[in-house]
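In what follows, a single structure is set out as structure tokens and then discussed.
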Amino acid sequence: MPPRIPAPQGLRSITLCLRPSLAPTPVAAALQPLIQTASMSQKEAEKKEKKRLMKQDPYTWAQKQQRKNVHVRRKEELEKERKANWGSPIHGITTAFVESFDSAGQAPLSVPARDADGNPIEEPHPLPTSPHIINNQLTKEELEKAIEHSRKLIKPLEGEELDPKRAEENMQEYEMHHPKAIAALQRITDLRNGSAKDRKHANIRRCIETFGRHVTDKTLPNAAPALARGVEPEKKPARAGPDTGSSEVQIAILTAKIRALSNALDGHKGYKDKVNKRSLRLLCHKRQRLLRYMERKERGSGRWQHMLQTLGLTPATWKEQISF
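Residue numbers (the UniProt record's numbering): 1 to 324.
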């Protein structure tokens, strides 16, 4: 027998054994990985319980399965609805106002999508228009005033001292050339005959007219966010002109540029255009920064809600990392 070492009276329960241990030293529990796995006995017990319930009380079992199936279907519906509301980081949810960017507010109806054979697969829907905006930074009222002024300048004079034959020839020449000049001016100022740059400038003017605070402060209810109790609003100087620098105006302008650039990349061989793809990513990131800033400053205001509903912007455009 191995020798035993006597202990004091208070330590009688402790006995030191000098027998060498042949078993390997166990590894410390703290150094072992924590892996939690269900034992086979538990799984088998659950299966046996299910089988027992199916045999003993099939009605209760059927009710449980029915509740489970309803829960799974509802979960799938909520997930699908959540994905639909989340939207795309580039387009969000396309609205009628965003679709009108393609024609700069000149087309009254949308262009329906078509299948591989060229047949329309949906009905066209109405779009908001801006008929008063024309090309070359003009409005329809300015064009009409210019035409009326030119008519007064070039119309032949009428008087007794003029030769009647000559006056009649001048009037005939005026009646022949003036309508042609009007038709030429209308073709020149028509945005449907303009370039992509002309449509961009027209869309910028539409964004300023729609989202500028010189308009929304007068038309939207509760345009500004609510102030704390006892805080008076700051007195700001009157605007000298239309609002072009507010966050919502810049976001709308960036959305118009993103729409035009994404349509170009979706076209023929657009996947090869690496430069414009990078430019699109930069535009999306710039809009994301403005949206995050406006969410902090204007969330809950009429301007914020009006911008999101009109442009179809969803949380995917500013809440997650944009990478494509």
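The beta-carbon is built from N, C-alpha and C at its ideal position, and this holds for glycine as well.
As the structure is a computational prediction, the values presented were derived from the model and not from experiment.
Is the CB of residue i under 7 Å away from at least one CB in chain D?
i: Ala167; result: Of the chains in the structure shown, none is chain D; there is only one protein chain.
Measuring CB to CB, does residue i end up less than 7 Å from residue j?
i: Ile90; j: Ser262; result: yes
i: Arg205; j: Ile251; result: no
i: Glu87; j: Thr255; result: One point to set straight first is that residue 87 is Gly, not Glu, in the sequence displayed. No, the Cβ-Cβ distance between Gly87 and Thr255 is not below 7 Å.
Since residue i and residue j should fall inside the 8 Å C-beta cutoff, what is the C-beta to C-beta distance between them, to a whole number of angstroms?
i: Thr95; j: Leu311; result: 7 Å
i: Gly92; j: Pro128; result: The pair is not a contact, with the Cβ atoms about 17 Å apart (cut-off 8 Å).
i: Trp318; j: Arg299; result: Rounded, the Cβ-Cβ distance is 11 Å, inconsistent with contact.
i: Trp257; j: Leu283; result: It should be pointed out that residue 257 corresponds to Lys in this sequence rather than to Trp. The Cβ separation is near 6 Å, so the contact holds.
i: Lys155; j: Tyr174; result: 6 Å
i: His149; j: Glu141; result: With 8 Å as the limit, His149 and Glu141 do not qualify as a contact, their Cβ atoms being about 13 Å apart.
i: Leu143; j: Thr189; result: 6 Å
i: His178; j: Arg151; result: 7 Å
So, at 8 Å on beta carbons, what are the nonlocal neighbours of residue i in its own chain, with the 5 sequence-adjacent residues on each side left out?
i: Ala264; result: Gly270, Asp273, Asn276
i: His285; result: Ile322
i: Glu320; result: Pro89
i: Thr244; result: Ile208, Gly212
i: Glu123; result: Pro112
i: Arg289; result: none
i: Pro233; result: Ala224, Leu227
i: His201; result: Gln137
Apart from the five residues on each side of it in sequence, which residues of its chain come closer than 6 Å, Cβ to Cβ, to residue i?
i: Met307; result: Glu248
i: Gly194; result: Asn135
i: Pro120; result: Pro112, Arg114
i: Gln42; result: none
i: Asn203; result: Phe101, Ala104, Ala256
i: Leu53; result: Trp61
i: Met294; result: Ser247
i: Leu242; result: For the record, residue 242 in the displayed sequence is Pro; it is not Leu. Ile208, Gly212, His214.
i: His125; result: Ser110
i: Lys253; result: Reading off the sequence shown, one finds Ile at residue 253, where the question assumed Lys. Counting only Cβ-Cβ distances below 6 Å, and skipping sequence neighbours, we find Ile204, Cys207.
Can you tell me where the alpha helix (DSSP H) with residue i in it begins and where it stops?
i: Asp217; result: 213 to 219
i: Gly302; result: 302 to 311
i: Leu265; result: 247 to 265
i: Val72; result: 58 to 86
i: His178; result: 164 to 189
i: His285; result: 274 to 298
i: residue 329; result: Residue 329 falls outside the range modelled here, since the chain spans only 1 to 324, and no answer is possible.
i: Ile154; result: 140 to 154
i: Ala96; result: 96 to 99
For residue i, which residues from the same chain have a beta carbon less than 7 Å from its beta carbon, with the 5 sequence-adjacent residues on both sides left out?
i: Arg259; result: Val98, Phe101
i: residue 325; result: No answer is possible for residue 325: it lies beyond the span of the chain, which begins at 1 and ends at 324.
i: Lys75; result: none
i: Ala196; result: Ala260
i: Glu79; result: none
Legend entry - the segment 178 to 190 / the segment 68 to 85 touching (three or more Cβ pairs under 8 Å): The segment 178 to 190, when compared against the segment 68 to 85, does not touch it at the 8 Å Cβ threshold.
Inset, instruction - Examine the Cβ distances between the segment 100 to 119 and the segment 211 to 220 and report whether three or more of them are shorter than 8 Å. - result: Proximity of the segment 100 to 119 to the segment 211 to 220 falls short of the contact definition, fewer than three beta-carbon pairs being nearer than 8 Å.
Legend entry - the segment 289 to 303 / the segment 218 to 237 touching (three or more Cβ pairs under 8 Å): Yes: at least three Cβ pairs fall under 8 Å.
Legend entry - Contact between the segment 160 to 175 and the segment 96 to 111 (3+ Cβ pairs under 8 Å): No, because fewer than three Cβ pairs between the segment 160 to 175 and the segment 96 to 111 fall closer than 8 Å, the two stretches do not touch.
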